[in-house]
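Protein chains in written order, with full-length UniProt numbering: chain A, 1 to 591; chain B, 1 to 591.
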């Protein structure tokens with residue numbers, strides 16, 4: 001297990017003794033502060049211990065225990081920690097699933113909002129109208145809702161174009177999309193004409209720059225897609241690297257595994273020279289023409305030129321947007337807050353259905369379903385629609401600043417969804433600081449607890465798209481909007497969908513093959529991949545993996561639309577988000 | 001076997017007797033005409049029979065026989081026809097493969113041509129320049145080349161646009177692509193504004209039309225993708241259907257399994273009203289808005305409207321284009337001609353790399369490789385670049401008319417590639433009329449012969465992308481450009497790539513799942529799909545299937561570019577095309 005941890009911890013002593021069962025059930029101190037409270041809690045823990053022991057040894061017919069692992073008797077010798085969950089939790093979880101699956105309200109609402117208002121870039125009227133629309137709907141749900149103001153940076157794309165000035169074809173219109181916060185071209189209407197230089201690394205930029213080759217030219221970064229994390233640096237820093245050598249603009253091959261002339265925008269660091277993405281196909285076209293000229297200048301005498309025009313405008317801190325906060329008060333410890341959500345803003349292309357409308361809306365639905373339980377969870381749950389994540393995440397910072405830890409209130413768990421909503425896969429999770437610090441004393445490991453909870457509440461379900469959908473816990477919880485909370489030591493998780501394209505490799509012929517699969521269980525003993533399917537399903541069901549390249553078919557493109565996922569995927573994901581939120585809100589442990 | 005045949009035939013009597021071996025090797029009459037020639041051939045057949053029997057029973061160390069099926073002795077009781085192939089054929093096939101794989105010349109040439117001239121719609125300068133460029137390169141190859149004139153219909157797209165006139169968002173620019181031979185809008189610049197009506201079938205058109213609902217409105221066909229063949233009728237006839245009920249234009253949801261805001265053009269029957277494709281995402285957007293209005297007109301009072309402007313112009317039979325014919329004279333029966341090829345024209349979007357640049361270029365390469373053998377094949381082989389396939393296929397008709405069967409020359413096999421070039425899978429094949437008519441007498445079945453040849457020459461190869469790549473023979477040979485030859489009774493085949501997207505179903509969430517796989521061997525005994533991989537390959541190798549939905553990621557779109565396939569795929573496909581062409585050109589059988 002320990003290699004799956006994203007942080008360093010003392011090794012877990014695994015045993016089946018009573019103290020361990022005790023700490024596993026009640027966890028370390030969850031009271032906000034104070035020695036007195038902690039002592040009171042110890043008394044409470046003791047009573048829970050007694051109750052649990054009674055429950056384990058004298059189960060009644062009306063109550064079911066939910067062992068997580070096959071037990072070898074109550075004092076079995078299995079060397080794994082055992083976590084049990086209160087009986088009522090299972091019926092609440094079932095109610096959450098039933099509620100989530102009974103209608104397509106989330107899909108319908110997201111479709112209506114995006115159809116009605118379109119994309120929601122920070123600073124736009126469409127974003128504020130969408131926020132107003134959500135607030136009204138939330139009120140209609142009978143939920144408590146507030147907003148808080150956030151000052152946002154504004155970037156307007158305006159007009160832009162890119163032409164390959166072909167000596168044989170004339171001006172060939174290419175597929176271009178300016179990068180967020182790019183400067184305009186010096187002449188924003190007529191643009192600039194320059195020769196291109198094609199590179200695939202910063203080292204090449206520096207080498208060609210030192211040789212004076214980049215001066216007055218446009219650098220085209222044409223690195224084949226490896227992964228978003230590996231390649232995004234060309235988008236964020238490419239212009240900075242190139243301007244140091246006198247380049248007049250940069251073009252960045254769009255970051256994605258498959259392209260149908262798709263262009264991908266996204267933030268780039270503020271540079272003096274303009275920066276735009278081009279489709280993979282167009283990057284390849286320009287690269288081929290460039291290579292022919294470099295390799296055989298007699299037959300191909302023309303150094304390839306393009307004309308780039310961008311009329312983008314940046315206005316830092318020029319508008320006010322809002323975070324939306326929907327709250328369901330906790331029934332026992334309302335001062336303990338769980339924040340779940342996503343960002344309500346989007347890029348200006350597509351309609352931000354994937355990034356991150358669906359992320360927000362499944363959190364909203366999770367809260368709505370929680371509110372329909374017979375009684376609310378022990379802790380307070382907030383669904384937060386953070387604003388302006390794409391433009392530097394001030395929404396997340398403002399939220400953390402507005403809701404600091406005090407003697408009477410604090411965040412105990414933050415749960416973001418900003419990696420798309422497809423079939424559910426699980427969560428990425430990082431334990432909170434308190435839990436980690438107290439682990440030696442409490443013998444409670446919240447990562448293992450969450451893994452056990454996933455197995456317990458989701459492992460044997462088959463109604464959330466595939467058997468065990470949503471149950472996996474992976475290391476690395478966090479996210480752009482909850483980042484400020486995570487930094488304060490709040491336990492953090494990220495909703496993780498299964499990749500929408502079920503192959504372990506991209507379908508693009510340009511994708512670099514990797515023999516790695518990112519999840520366990522998909523390799524045979526000889527290290528080969530095996531495909532398997534569920535016995536009760538006659539259709540092909542390839543192994544699932546956490547979202548990876550499939551999200552980047554849509555991310556920051558015109559194709560970020562309702563077409564990227566199905567109503568069922570949204571329903572199932574809302575149910576899974578509700579379950580994880582409920583686990584955190586109801587369990588008396590410190591995550 | 002018989003259920004795989006696309007045509008009706010007497011059942012094959014399968015036996016291993018000598019007469020069968022004889023007929024299998026030499027086949028029915030292959031001389032162009034005349035009783036005398038046939039009798040001469042019978043004498044020749046007899047000598048070949050003697051030679052073969054000598055060869056089978058007294059093989060020398062220097063010669064190898066190539067049994068197709070495991071033999072149970074020369075008079076074995078296995079009930080399958082046995083076809084053997086002359087020894088020299090294997091070394092020629094090996095030379096074809098070696099030659100095809102040694103360079104990326106096909107990819108490089110296709111990339112250079114498409115980069116240099118762009119798309120090649122009939123009537124365009126770019127098409128004629130591309131033809132000139134090919135002719136020069138073919139001459140450089142030392143091959144014999146001619147062209148023949150073809151009068152073509154011309155359609156120019158000019159400007160076009162489509163806006164959703166949203167009451168909340170203003171004019172939202174949609175993803176539109178006019179259909180080939182569409183009429184312009186009556187005002188070609190300002191276009192027309194009209195309400196939309198969404199349908200998914202002709203029955204709905206007729207029903208709504210009879211109710212007067214379509215009058216003055218725009219019909220949007222929003223049928224979810226099932227298959228190209230099932231859905232293309234909306235593109236070809238949708239405007240005709242709608243205009244009869246007074247509709248002012250039609251929009252057709254693009255025909256494809258996955259969309260990244262992709263628009264697909266293609267021919268539509270000439271109608272009085274304009275016809276354009278829209279992306280799947282935009283068709284869904286309009287459908288949702290339409291449905292909301294229909295279902296809840298109080299909350300959504302506006303019947304959705306769009307503004308469509310098209311400035312297309314049609315000029316029938318207004319230009320001259322050319323077929324290109326590259327010829328390699330046969331060494332023994334030059335009067336017997338094999339025509340292989342694809343179409344050199346394309347749509348005006350993308351660059352026609354997939355449809356059908358690569359198809360032509362692998363035929364060209366196949367001929368070039370055949371020309372490099374120690375001696376040319378027995379029959380004459382022509383690589384033909386038919387022109388204007390997209391605009392009604394006059395190139396194929398002119399070719400057939402210009403090269404009719406005479407007493408001294410005739411086509412014996414026509415082999416087209418117009419379904420994309422990805423990894424090779426095999427061919428679709430239909431026997432010629434003579435072969436079919438003579439089957440009872442000759443006991444020779446050319447479909448079985450081709451199947452045996454595929455197994456023999458390709459079945460155990462592992463160097464053409466995957467084991468057995470290219471070997472499969474499926475029923476249904478033919479194609480738009482060779483159609484006139486096929487109708488005359490010439491044996492016909494179509495090059496069939498493996499689907500570029502290896503799943504048996506589309507990756508699109510909108511795709512309608514089907515449990516059918518189109519090829520044998522992928523189902524276990526319980527009818528479930530099994531995935532398997534080759535033992536010598538550590539990467540996932542899903543079962544292959546003949547090209548299906550994957551081709552329609554690119555077909556008739558902006559994404560029809562060199563990005564759709566890899567240099568290796570082109571090399572391997574050229575090799576496979578060369579092998580099948582060689583089998584037809586060298587074997588003395590009548591296909």
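Backbone N, C-alpha and C fix where the C-beta goes; we use that ideal spot for every residue, glycine too.
For residue 380 of chain A, the number of other beta carbons within 10 angstroms of its own is at least 16, and it is reported as buried. Residue 259 of chain B belongs to the set of residues whose beta carbon lies under 8 Å from a beta carbon in chain A. In this chain, residue 314 of chain B is not harboured by any alpha helix (DSSP H); it is covered by the beta strand (DSSP E) spanning 313-328. Minimum Cα-Cα distance from residue 438 of chain B among the listed residues B:295, B:550, B:591, B:282 corresponds to B:591. When secondary structure is reduced to three states using DSSP, residue 174 of chain B falls in the coil class, being assigned neither helix nor strand. For residue 151 of chain A, the secondary structure class from DSSP, reduced to helix, strand or coil, is strand. Separation of residue 240 of chain B and residue 292 of chain B (C-alpha to C-alpha, rounded to the nearest whole angstrom) is 28 Å.
Any Cβ of chain A closer than 8 Å to the Cβ of residue 295 of chain B would place that residue at the interface, and such an atom is absent. Not a single C-beta of chain B is nearer than 8 Å to the C-beta of residue 268 of chain A. Assignment of residue 553 of chain A by DSSP, reduced to helix, strand and coil, places it in the helix class.
Residue 146 of chain A sits exposed, since fewer than 16 C-beta atoms from the chains shown fall within 10 Å of its C-beta.
Scanning its chain for C-beta atoms nearer than 7 Å, with the 5 sequence neighbours on each side dropped, one finds around residue 246 of chain A the residues 214, 215, 216, in chain order. Around the CB of residue 301 of chain A, fewer than 16 other CB atoms lie within 10 Å, so the residue is classed as exposed. Between the alpha carbons of residue 382 of chain B and residue 445 of chain B lies a distance of about 25 Å. With 16 or more neighbouring CB atoms inside 10 Å of its own CB, residue 175 of chain A falls in the buried class. Against chain B, the beta carbon of residue 557 of chain A has neighbours under 9 Å at 260, 261, listed in chain order. Distance between residue 560 of chain B and residue 419 of chain B, taken at the CA atoms: about 12 Å. Short of 6 Å from the beta carbon of residue 372 of chain B, and not among the five residues preceding or following it, lie these beta carbons of its own chain, in chain order: 99.
Cβ proximity to chain A below 8 Å picks out 280, 281, 284, 285, 288, 289, 292 from the region 278-293 of chain B. For the pair of segments examined, the region 390-399 of chain B was found to touch the region 149-156 of chain B: the number of CB pairs separated by less than 8 Å reaches three. For residue 164 of chain A, the three-state secondary structure derived from DSSP is strand. With a contact defined as Cβ atoms closer than 8 Å, residue 304 of chain B and residue 289 of chain B qualify at about 4 Å. For residue 200 of chain B, the nearest beta carbon of chain A is not closer than 8 Å to its own beta carbon.
In its chain, beyond the 5 residues on either side, 154 have a beta carbon closer than 6 Å to the beta carbon of residue 318 of chain B. As DSSP reads the structure, residue 492 of chain A sits in a beta bridge with A:414, A:430.
Among the residues of chain A, those whose CB is under 8 Å from the CB of residue 111 of chain B are 288, following chain order.
Just measuring C-alpha positions, the residue of A:139, A:193, A:136, A:180 sitting nearest residue 164 of chain A is A:193.
For residue 253 of chain A, no CB of chain B lies under 8 Å from its own CB, so it is not counted at the interface with that chain.
Here residue 310 of chain B is bridged, per DSSP, to B:160. The C-beta of residue 169 of chain B comes closer than 8 Å to at least one C-beta of chain A. Not a single C-beta of chain B is nearer than 8 Å to the C-beta of residue 130 of chain A. Proximity of residue 450 of chain A to chain B, defined by a Cβ-Cβ separation below 8 Å, is not satisfied.
Using a Cβ-Cβ distance cut-off of 8 Å, the region 463-480 of chain B and the region 427-437 of chain B are in contact, since at least three pairs of beta carbons, one from each stretch, lie closer than that value. At least 8 Å separates the beta-carbon of residue 557 of chain B from that of residue 122 of chain B. Annotated as proximal: residue 252 of chain A and residue 238 of chain A, with beta-carbon spacing under 8 Å.
Per DSSP, residue 88 of chain B is one residue of the alpha helix (DSSP H) stretching across 87-101.
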